[in-house]
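Trainee: Residue numbers (the UniProt record's numbering): 1 to 287. Cβ atoms here follow ideal geometry from the backbone N, Cα and C, with glycine treated the same way.
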Amino acid sequence: MRDFSAEHRWLSINTITLDRQGDLAAIIEACARHGVTAVCPWRHKVAEMGLDRSAKALRDAGLALSGYCRGGMMVADAAHRQAARDDNRRAVEEAAVLGAPCLVLVAGGLPQFSRPGSAPGKDIAAARAMVAEEIAYLLEFAETAKMPLALEPLHPMMAADRGCINTLGQALDLCEALDPDGSRGLGVAVDIYHVWWDPALAAQIARAGARRLQAFHVCDWLVPTRHLLNDRGMMGDGIVDIPAVRALVEAAGYRGYAEVEIFSEQWWRLPMDEVIATCIERHKRAV
1 MRDFSAEHRW
11 LSINTITLDR
21 QGDLAAIIEA
31 CARHGVTAVC
41 PWRHKVAEMG
51 LDRSAKALRD
61 AGLALSGYCR
71 GGMMVADAAH
81 RQAARDDNRR
91 AVEEAAVLGA
101 PCLVLVAGGL
111 PQFSRPGSAP
121 GKDIAAARAM
131 VAEEIAYLLE
141 FAETAKMPLA
151 LEPLHPMMAA
161 DRGCINTLGQ
171 ALDLCEALDP
181 DGSRGLGVAV
191 DIYHVWWDPA
201 LAAQIARAGA
211 RRLQAFHVCD
221 WLVPTRHLLN
231 DRGMMGDGIV
241 DIPAVRALVE
251 AAGYRGYAEV
261 EIFSEQWWRL
271 PMDEVIATCI
281 ERHKRAV
């Protein structure tokens, strides 16, 4: 396993970690000040700044990308399905302009939450079937754009509203059905927050292998967790054995960034420089 203790060259900051502290320009400047060499932008930050300006600012700062967040939210009723498809094609195009190595996909849950305005539904099996159909559709476009897609399974507590693909095994089943040998660029994003609990995690990471492992997201799980979305912990503050999970992904061949992605009301209240400095320190000793 790589030694992270002496430097942070393999640290990437997902911009959601600094979502309340500033715009993308401010995040880019702060990362440069701290010697952070990679980021993963969220689409709303890029939209605020403008796609071309964002791409130029990232290039000028010498920042690499570990991914682009996010496409997905694919489950919709008939009236909203084309809009969802169009939105995901735009996400692929944006990722290509930015030079991202992959577009992270969050599948979406039941239609009324995945695409607001859709008719309510309760059939999660139908939602999962639609995700498979929509990834197949998007993959054709992403192949043309040469943009890999990284499907991110979400914790089961988010199955209804954010993601009905809930285990790494489910995500890999889709990958193998739609892209059997991995040559079309369909893989997975492994986010510790969502998968740490899975008793099949070690076997599924090994199954994924280097070709499927396109992104690795780190944070921690707090006990108690006070909010289903916005109470992630900084690495080392919770109960996840993060180095053990990193050892699994690296044993499977992953050599990319450990991307810090923290949705947290607590950390959003702190100054940007303090959060980045803490990410660097924890990346060295807790990842």
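Going by Cα to Cα distance, which pick from I276, R184, G117 is closest to H80?
Mentor: Start at 1 with the first residue of the sequence shown, and residue 80 comes out as number 80. Considering only alpha carbons, the answer is G117.
Trainee: Could you compute how far the alpha carbon of E250 sits from the alpha carbon of A119?
Mentor: The residue labelled residue 250 in the question sits at position 250 within the sequence shown. The residue labelled residue 119 in the question sits at position 119 within the sequence shown. Rounded to whole angstroms, E250 to A119 spans 43 angstroms at the Cα level.
Trainee: Taking DSSP's pairing of strands, which residues face D163 in a bridge?
Mentor: Position 163 of the sequence shown holds residue 163. Note on identity: in this sequence residue 163 is Gly, with Asp being the wrong assignment. G163 is bridged to G108.
Trainee: For C40 and N14, what's the separation of their Cα atoms in angstroms?
Mentor: To locate residue 40, count along the sequence shown from 1; it is residue 40. To locate residue 14, count along the sequence shown from 1; it is residue 14. Taking the straight line from one Cα to the other gives about 4 angstroms.
Trainee: Give me the residue from A142, L98, R70 with the minimum Cα distance to R53.
Mentor: Here the question's residue 53 lines up with position 53 in the sequence shown. Here the closest residue by C-alpha is L98.
Trainee: For A38, does the three-state DSSP call read helix, strand or coil?
Mentor: The residue you call residue 38 lines up with position 38 of the sequence shown. Looking at A38 - three-state DSSP - the assignment turns out to be strand.
Trainee: Taking only beta-carbon atoms, is L154 less than 9 angstroms away from chain D?
Mentor: In the displayed structure, chain D is absent; only one protein chain is listed.
Trainee: Verify the contact flag: G99, CB atom, against every heavy atom of the ligand ATP, threshold strictly below 8 angstroms.
Mentor: Among the components of this structure there are no ligands whatsoever, and the ligand ATP is therefore not found.
Trainee: Could you check whether V46 and R70 sit closer than 9 angstroms to each other, using their CB atoms as the reference points?
Mentor: Numbered from 1 along the sequence shown, position 70 holds the residue referred to as residue 70. Numbered from 1 along the sequence shown, position 46 holds the residue referred to as residue 46. Not a contact, by the Cβ cut-off of 9 angstroms.
Trainee: For the beta strand (DSSP E) that G71 lies in, which residues bound it at each end?
Mentor: In the sequence shown, counting from the first residue as 1, residue 71 sits at position 71. That run of the beta strand (DSSP E) goes 68-72.
Trainee: Check each candidate in L58, D220, E133, V275 and name the one with the smallest Cα separation from C175.
Mentor: Along the sequence shown, read from residue 1 onward, the residue named residue 175 stands at position 175. Of the listed residues, the one whose Cα sits closest to C175 is E133.
Trainee: In the DSSP assignment, find the alpha helix (DSSP H) that holds V245 and state where it starts and stops.
Mentor: Stepping through the sequence shown from its first residue, residue 245 is reached at position 245. 242-251 is the span of the alpha helix (DSSP H), which, as asked, contains V245.
Trainee: In three-state terms, what does DSSP make of D237?
Mentor: As a working mapping, residue 237 is identified with position 237 in the sequence shown. If DSSP states are grouped into helix, strand and coil, D237 belongs with coil.
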